[in-house]
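In order, the protein sequence lines correspond to chains U and V.
Using full-length UniProt numbering, the letters of the first sequence map in sequence onto residues 1 to 227.
Using full-length UniProt numbering, the letters of the second sequence map in sequence onto residues 1 to 227.
Every residue gets a Cβ at the ideal spot worked out from N, C-alpha and C, and that includes glycine.
The structure displayed is predicted, hence computed values, not measured ones.
Report on one structure; see the data block that follows.
There are 2 protein chains.
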Amino acid sequence: MSQGQVVVLNFWPSMFGARVIMALEEKGVKFEYKEEDVFGQKTDLLLQTNPVHKKIPVLIHNGKPVCESNIILEYIDEVWKDDKTPPLLPCDPYHKAQCRFWADLIDKKVFDAGRRTWTKKGKEQEEAKRDFIETLKLLETELGEKTYFGGDGAVSMVDLVLISYYPWFHTWETIGGFSLEDHTPKLMGWVRTCLTRPAISKSLPDPLKIFDRVSQIIKVHEFFYGN
Amino acid sequence: MSQGQVVVLNFWPSMFGARVIMALEEKGVKFEYKEEDVFGQKTDLLLQTNPVHKKIPVLIHNGKPVCESNIILEYIDEVWKDDKTPPLLPCDPYHKAQCRFWADLIDKKVFDAGRRTWTKKGKEQEEAKRDFIETLKLLETELGEKTYFGGDGAVSMVDLVLISYYPWFHTWETIGGFSLEDHTPKLMGWVRTCLTRPAISKSLPDPLKIFDRVSQIIKVHEFFYGN
Chain U
1 MSQGQVVVLN FWPSMFGARV IMALEEKGVK FEYKEEDVFG QKTDLLLQTN
51 PVHKKIPVLI HNGKPVCESN IILEYIDEVW KDDKTPPLLP CDPYHKAQCR
101 FWADLIDKKV FDAGRRTWTK KGKEQEEAKR DFIETLKLLE TELGEKTYFG
151 GDGAVSMVDL VLISYYPWFH TWETIGGFSL EDHTPKLMGW VRTCLTRPAI
201 SKSLPDPLKI FDRVSQIIKV HEFFYGN
Chain V
1 MSQGQVVVLN FWPSMFGARV IMALEEKGVK FEYKEEDVFG QKTDLLLQTN
51 PVHKKIPVLI HNGKPVCESN IILEYIDEVW KDDKTPPLLP CDPYHKAQCR
101 FWADLIDKKV FDAGRRTWTK KGKEQEEAKR DFIETLKLLE TELGEKTYFG
151 GDGAVSMVDL VLISYYPWFH TWETIGGFSL EDHTPKLMGW VRTCLTRPAI
201 SKSLPDPLKI FDRVSQIIKV HEFFYGN
């Protein structure tokens, strides 16, 4: 499959970047990885290719940039399609709409609730934990008895979007003081199945490295602003 | 074109609902309109068809619900396609990604900044006005010399998403004390061109009716909470 020149701008802990890399790996597309330090100086390449949001991830395909992670996933699925690799989104318009609905819901609910589990305290933190666990329970119900959200044989956009949050679960569970294995054991089974896929396991950041980074951020914050 | 049974659940001032109705009108799809009072009691139909978000708009096609306005627009574009009506999204993956990018940006930036022009006061209100006008300037640049965002002959998803905010412009300008005609005259020309299309003009709510409703909400809020 002709693929042209593919570059990905990413910041290693990003769930938004991880899903782009997993999609390229699932499709067998070779790419050049460029790390951006989003807390430091943004590179000229990032500012030129995403002048509006100035955010990673950016996929640059033959010099043309595509921004916003789920838009990139759809682009990847539309450009690199063949008979060997199952699509990330189904062809049928209704099932495609359902797939987009769940991917969108994950970013609307999991990202926000997850972040609040470590940036908030007391009552607000408890609320965040409840929201996060409730969303994962909803997703567990949607998964049902299927191997993947995409069905039994194939990962879909929903799988890649949700598993992109997995490296953050350890941080949210540790700081929040809860265990997803207790609340959503079936979904944790789905995580383990996803991790047997090399395209997924090799593309995700190390959960312990994320925890270390978050712990440092919390310490710096407490040093300057108190508890 | 076979279309099946189509029902739309909407709340009349909604920009998210208006774009769905415009898309159906542009495609010539007949539908049944059902008004939902989102501030009152939600109907069983809404709760059954959008149990997760419990929000309008919902498109129900042959009994199957599709939720989230931009997901509905893509669904409409995929289901009702023929040679007579230009598509709302281009076929080429790169141009399609660009179309999705701008539609997404409008909802991320215009909705939030617009709402802040009337829910905030003082410095925060000034900031909201600046953000709103800056976003519209950016969109004016993106429009360039084209008749529509979709090109010279056809409205695209970007046109429908942006024009769905137009009925709110009068409220935001009046309360915020600014004129878009001064800041983005070319974009206001694009508004007038859009309004020559019956599918658009007949589907949008009356800007004065929205202003009345918002004025009432502000008065009630001031009565209970003060200025």
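Would U/R100 pass as an interface residue toward chain V - the criterion being a Cβ-Cβ separation below 8 Å? yes
Margin query: At a CB distance below 8 Å, what residues from the segment 58-80 of chain U approach chain A? Give them in sequence order.
Written below: Note that chain A does not occur in the displayed structure, where the protein chains are U and V.
- Message: Less than 7 Å between C-beta atoms, sequence neighbours within five positions excluded: which residues of the same chain meet that for V/P90?
- Response: K96, C99
Original post:
Would you call the CB atoms of U/L88 and U/P57 closer than 8 Å?
Top reply: no
Rounded separation between V/S179 and V/V155 - CA only: 25 Å
* Asked: Given that V/L105 touches chain U, what residues does it touch there, using C-beta distances under 9 Å?
  -> V52, H53, E68
Is the segment 109-120 of chain U touching the segment 44-54 of chain U in the sense that three or more CB pairs, one from each, lie closer than 8 Å? no
Going by Cα to Cα distance, which pick from V/F132, V/Q41, V/V29 is closest to V/D82?
-> V/V29
- Task: Using only alpha-carbon positions, find the residue among U/L162, U/K34, U/T117 that is nearest to U/L105.
- Result: U/L162
What is the rounded straight-line gap between the Cα of V/P185 and the Cα of V/T141? 11 Å
Answer with buried or exposed for V/N70, where buried requires no fewer than 16 other C-beta atoms within 10 angstroms of its C-beta. buried
| Which word fits U/K209, buried or exposed, when buried means at least 16 other C-beta atoms lie within 10 angstroms of its C-beta? | exposed
**OP:** Name, in chain order, the residues that DSSP records as bridge partners for V/V7.
**Re:** V/E32, V/I60
Taking 8 Å as the cut-off, decide whether the C-beta atoms of U/A199 and U/E26 are in contact. yes
Inset, instruction - Can you give me the Cβ contacts of U/V191 inside the same chain, cut-off strictly under 6 Å, excluding the 5 residues immediately before and after it? - result: Y166
Among residues of its own chain, excluding the 5 on either side of U/Q5, which ones have a beta-carbon nearer than 6 Å to its beta-carbon? N62
I'd like to check one pair, U/W172 with U/M15: are the Cβ atoms closer than 8 Å? no
Practice problem: Determine the chain V residues that contact U/A113 at a beta-carbon separation under 9 Å, and present them in chain order. | Solution: Correct list: empty, because the minimum Cβ distance to chain V is about 14 Å.
Practice prompt. Please state whether DSSP places U/G122 in a helix, a strand or coil.
Written response: helix
Looking at the secondary structure, which residues open and close the alpha helix (DSSP H) in which U/Q216 lies? 207-225
Can you tell which of V/T85, V/T119, V/T135 has its C-alpha closest to the C-alpha of V/S215?
V/T119
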